[in-house]
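The block underneath contains the structure these notes are about, expressed in structure tokens.
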Amino acid sequence: MSPKKAATGPSVPGAVWLRQRPPRRGQHGLTRERIAAEVVSQLDHGGPAGLNLRSIAAALDVHPTTLYWHVSARDDLLDFAVDAVFAELPLPTRPADDWIEDVRAFMHNLRAALLAHPWSGALASSRPLLGPEALARSEFVYAALARAGFTGDELTASAAAVSNLVIGSVAAETSWQHGDESPARRAVHEHLRANAETYPAMAELSTESGHWGAQFSYSADLLLAGLAQKAPINVTSHGATTQAPQIM
Numbered sequence: 001m002s003p004k005k006a007a008t009g010p011s012v013p014g015a016v017w018l019r020q021r022p023p024r025r026g027q028h029g030l031t032r033e034r035i036a037a038e039v040v041s042q043l044d045h046g047g048p049a050g051l052n053l054r055s056i057a058a059a060l061d062v063h064p065t066t067l068y069w070h071v072s073a074r075d076d077l078l079d080f081a082v083d084a085v086f087a088e089l090p091l092p093t094r095p096a097d098d099w100i101e102d103v104r105a106f107m108h109n110l111r112a113a114l115l116a117h118p119w120s121g122a123l124a125s126s127r128p129l130l131g132p133e134a135l136a137r138s139e140f141v142y143a144a145l146a147r148a149g150f151t152g153d154e155l156t157a158s159a160a161a162v163s164n165l166v167i168g169s170v171a172a173e174t175s176w177q178h179g180d181e182s183p184a185r186r187a188v189h190e191h192l193r194a195n196a197e198t199y200p201a202m203a204e205l206s207t208e209s210g211h212w213g214a215q216f217s218y219s220a221d222l223l224l225a226g227l228a229q230k231a232p233i234n235v236t237s238h239g240a241t242t243q244a245p246q247i248m
């Protein structure tokens, strides 16, 4: 008798976290954590193109049908891998006195984790982040922003702005990094200069501009400054809180 599949609904990105898992039987010591670690390893070496259930099963020394106790489709493997990357982000044991410092640290730590696995930025931008590790980090960001007084739709939008900036910037950065960036940057610069009448502002940019790390830090600081301006509660340098004035 073949193993019962993990799926009880359609196979779509993120669905693996919402399914009721089948009863445990003999699974050769197979766990989601072992599967995720192998998927991350294969993605780090070969990217998403060659990933499939059979290659993962072979690496774990199990029959492909054994994986069906945990996954039902290739999308599930990708969700496991993305969540494993989020597990690499440290979670402080207690919040900082200043919520901005918590959010800033999260942004830089998330960027570092995603850049360590160049395939992960694009994947994180294309699927719901519903795994336990990703949700734990999202909860951390929501809690920090809630301490600033954000609630309801403003809280949701603020948290989305934080994660979208990081994930989007990493996805853009890794799309460029397939070897030496310099020739591609020079080609783009020459194209803009040759079409300066159409792109006058960008044509003035130097080929030295656009370094990813500095660009990200500046973007993160801009976002945090905007959030601080909008925050209903301000935190002073001594940790005291004051009610922000209402801006109409």
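For what it's worth, UniProt numbering labels the leading residue of the sequence shown as 1, then goes sequentially.
Think of the CB as a built atom: it goes at the ideal place given N, C-alpha and C, for glycine as much as any other residue.
Keep in mind it's a predicted model, so treat the numbers as computed, not measured.
Taking the C-alpha atoms as reference points, what is the distance between residue i and residue j?
i    : j    : result
P23  : D75  : In this predicted model, P23 has a pLDDT of only 49, less than 50, meaning its place in the structure is not dependable; the value taken from the coordinates is given anyway. If I take the Cα positions, the gap works out to 21 Å.
R137 : H108 : 13 Å
A196 : M202 : 8 Å
A194 : E38  : 47 Å
G121 : R104 : 18 Å
V71  : L77  : 7 Å
R94  : I100 : 14 Å
Q215 : T66  : 46 Å
Y199 : P183 : 20 Å
L51  : L43  : 7 Å
W17  : E33  : 14 Å
A96  : D102 : 6 Å
P118 : H191 : 27 Å
H189 : W176 : 14 Å
E204 : T156 : 37 Å
P48  : A225 : 36 Å
E133 : G168 : 19 Å
L129 : R185 : 32 Å
Give me the residue from the options with the minimum Cα distance to residue i.
i    : options               : result
Y142 : S158, L91, H70        : S158
L135 : D83, L145, R94        : D83
L89  : T198, Y68, F140       : F140
N164 : S72, A124, W99        : A124
Y68  : R19, G47, L129        : R19
L30  : L223, A57, W119       : A57
R127 : N52, F80, R54, H191   : F80
I35  : A49, G46, G47, R54    : R54
P92  : N52, F106, V166, A171 : F106
S217 : V170, R185, E204      : V170
V166 : E204, R185, S219      : S219
A228 : R185, D98, E204       : D98
Using the rule of at least 16 other Cβ atoms within 10 Å of the residue's Cβ for burial, across every protein chain shown, is residue i buried or exposed?
i    : result
V12  : exposed
A15  : buried
L145 : buried
S206 : exposed
A187 : exposed
D221 : exposed
A73  : buried
Rounded C-beta distance between residue i and residue j? I'm assuming under 8 Å.
i    : j    : result
E173 : W212 : 5 Å
F86  : G131 : 7 Å
D161 : L223 : A quick correction: the sequence has Ala, not Asp, at residue 161. Rounded, the Cβ-Cβ distance is 6 Å, consistent with contact.
Counting beta carbon pairs with one atom in the stretch 59-68 and one in the stretch 111-127, are three or more of them shorter than 8 Å?
Judged by Cβ distances under 8 Å, the stretch 111-127 makes no contact with the stretch 59-68, as fewer than three pairs qualify.
Are the stretch 213-233 and the stretch 145-154 in contact at 8 Å, needing three or more beta carbon pairs?
Contact between the stretch 213-233 and the stretch 145-154 is present, because at least three Cβ pairs lie under 8 Å.
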